[in-house]
Ligand code: G6Q
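Numbering (my numbering), first residue to last: 156 to 699.
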């Protein structure tokens with residue numbers, strides 16, 4: 156059942172006038188305990204959702220929608236290894252990657268417990284990470300590793316890249332962690348330009364080991380290493396390891412499969428950070444910190460699975476998002492981390508959310524008549540304030556936003572953290588309560604300027620706060636958003652764990668590759684033909 160078929164949704168639709176007319180000013184004035192009543196905690200995080208356009212009745216109705224849709228059973232189906240990724244006939248068990256304090260987790264497809272494999276790979280990663288960190292792992296010429304370069308794209312890049320930045324305060328600073336993803340050679344060239352090949356270790360991260368971008372970058376990296384060692388093929392085994400599910404392809408590349416870290420088809424790319432795909436992160440922060448991160452993930456997983464809906468963080472975030480997306484017409488959702496270490500978190504979330512729920516057919520293959528996933532975007536505060544917040548405060552669009560902040564800073568320099576957090580707190584206050592025309596007038600503004608200086612307010616935000624950005628709170632934060640995406644996909648009745656929408660462009664690019672470098676006849680549309688012809692002409696002419 157999708158959300159539109161529930162009685163509770165019909166009730167919400169009947170009350171849409173009342174919900175649209177909701178006033179945060181009035182609600183806070185009427186109930187001094189509103190913030191307290193609308194604050195919930197889990198896994199080191201506190202969510203204050205009181206600055207949303209909801210009262211207790213609306214929240215109860217949203218939770219009733221989730222109940223009617225059978226959300227509880229759907230959550231259980233994921234955790235118990237059912238093949239809920241039906242279009243690929245796979246279990247969805249990224250939660251098993253961090254279920255380290257529990258017992259068996261069974262893939263219902265083959266009836267096997269996946270946990271022995273999970274633990275084995277984790278131990279193998281830990282042993283390898285320690286070798287690299289201690290300097291015991293050496294390049295061909297005997298030098299220890301100073302540069303770890305992860306080559307991967309999409310799910311094999313965004314998670315570890317975002318996490319390596321987020322957990323930099325915990326990293327071993329003598330080793331630089333870098334990421335090459337784009338097939339644009341600039342990414343490789345600029346990343347390695349100041350690196351000594353003898354001190355560089357490449358992690359080729361690709362579930363399939365056939366992805367065009369990753370294989371181009373991996374081949375170029377191999378040439379770069381071999382050029383340095385005058386073609387000595389023994390260098391490949393010392394300077395490359397693989398993270399993949401495809402042993403044959405790894406061996407073909409020349410990487411010793413003893414130095415291959417496996418994972419499984421029940422781990423989706425965008426959910427794979429806690430798998431071997433996180434090896435670059437583990438080398439950076441060490442196996443103990445990596446396990447602390449998994450502990451944070453697991454704490455949020457447990458909360459999601461067991462907490463009643465009214466106290467459940469992922470469920471609450473998911474339901475509020477549905478209210479704005481499906482009842483109040485919001486097209487996008489902003490994520491605004493007030494922490495420089497979370498600079499890449501919005502980019503990571505774009506894939507997590509938009510690749511999961513950017514679908515337009517339901518599970519029966521019918522075109523949906525409702526909106527599915529929002530456009531997710533954001534930048535770290537306070538930079539965003541000096542850029543796009545104008546639109547958030549006074550624009551014509553409804554943009555629900557999540558503000559994410561930490562009570563303590565890793566860099567307690569001068570008054571920086573006080574200033575950062577003052578802005579963090581002030582923004583949600585300003586968005587919620589605005590400034591009336593009378594308040595502007597009372598400040599002595601000329602009448603002509605009053606409309607320009609007025610803030611309507613009533614702009615909804617969530618505030619998420621943790622004590623400090625640690626591996627554990629970080630893991631819990633990622634799990635929180637993974638499960639929020641799950642909740643929304645479940646209610647929209649879409650398959651959140653496939654990504655067929657990325658295929659077509661890949662297939663057409665493969666067809667166009669030989670066309671760009673030959674003079675073959677072109678049979679595309681006139682625009683595509685002209686673009687190809689233009690590229691051919693430019694590259695046929697000698698470079699000025
Ligand atoms: C994520 C997607 C996708 C994938 C990349 C890389 O959920 O599946 O982003 O991670 O296309 O794929 P490989 O790891 O197979 O190279």
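C-beta: ideal position from N, C-alpha, C; glycine also.
Item                                                                                                                    : Value
Beta bridge counterpart(s) of residue 299 as assigned by DSSP                                                           : 293
Straight-line gap, residue 607 to residue 598 (C-alpha atoms, nearest Å)                                                : 14 Å
Between the CA atoms of residue 671 and residue 693 - distance to the nearest angstrom                                  : 11 Å
Residue 369 CB to nearest heavy atom of the ligand G6Q below 6 Å                                                        : yes
CA-to-CA distance, residue 561 to residue 446, given in whole angstroms                                                 : 21 Å
Contacting residues, own chain, Cβ-Cβ under 7 Å from residue 595 (five flanking each side not counted)                  : 605, 608 and 609
Start-end ranges of the alpha helix (DSSP H) lying completely within the region 372 to 429, minimum 4 residues          : 389 to 394 and 402 to 408
Residue range of the alpha helix (DSSP H) that includes residue 593                                                     : 592 to 597
Residue 382 classed as buried or exposed, judged by whether at least 16 other C-beta atoms fall within 10 angstroms     : exposed
Close-in-space but distant-in-sequence residues of the same chain around residue 226 (CB under 6 Å, 5 per side omitted) : 645
Contacting residues, own chain, Cβ-Cβ under 6 Å from residue 371 (five flanking each side not counted)                  : 338
The region 457 to 468 contacting the region 296 to 314, beta-carbon criterion three pairs below 8 Å                     : no
Whole-angstrom distance between residue 335 and residue 375, CA atom to CA atom                                         : 11 Å
Cβ neighbours of residue 384 in the same chain (closer than 7 Å, five flanking residues each side left out)             : 295 and 390
Per-residue DSSP class, three states only, for residue 525                                                              : coil
Delimiting residues of the alpha helix (DSSP H) encompassing residue 454                                                : 442 to 461
Residue 248 versus residue 351: straight-line alpha-carbon distance, rounded                                            : 39 Å
Proximity of residue 200 and residue 627 at Cβ, strictly below 7 Å                                                      : no
Any non-hydrogen atom of the ligand FAD closer than 6 Å to residue 308 Cβ                                               : The model depicted lacks the ligand FAD and carries the ligand G6Q instead.
Check whether residue 573 and residue 438 have beta carbons under 7 Å apart                                             : no
C-alpha distance - residue 229 paired with residue 633, whole-angstrom precision                                        : 20 Å
Own chain partners of residue 332 with C-beta closer than 6 Å, once the 5 adjacent residues on each side are dropped    : 303, 319, 435 and 439
Helix, strand or coil at residue 694 according to DSSP, with G and I counted as helix                                   : helix
For residue 548, the first and last residue of its enclosing alpha helix (DSSP H)                                       : 544 to 549
Counterpart residues of residue 306 in DSSP-defined beta bridges                                                        : 335 and 359
Beta strand (DSSP E) segments (min. 3 residues) lying fully within the region 218 to 261                                : none
Residue 550 vs residue 491 beta-carbon contact at 7 Å                                                                   : no
Cβ contact (3+ pairs, closer than 8 Å) linking the region 544 to 558 and the region 483 to 497                          : yes
Strand pairing of residue 678, partner residues [DSSP]                                                                  : Residue 678 is not bridged to any residue.
Inter-stretch contact at 8 Å, needing at least 3 Cβ pairs: the region 188 to 196 / the region 412 to 422                : no
For residue 657, the residue or residues it bridges with in DSSP                                                        : In DSSP, residue 657 forms no bridge with anything.
Nearest to residue 353 (by Cα), restricted to the options 292, 360, 580 and 189                                         : 292
Given residue 558 as reference, the closest of 481, 472 and 526 once Cα atoms are compared                              : 472
Backbone secondary structure at residue 195 - three-state DSSP                                                          : strand
Where residue 488 falls: helix, strand or coil (DSSP)                                                                   : strand
One or two residues paired with residue 130 in a DSSP bridge                                                            : The structure shown has nothing for residue 130, since the chain only spans 156 to 699.
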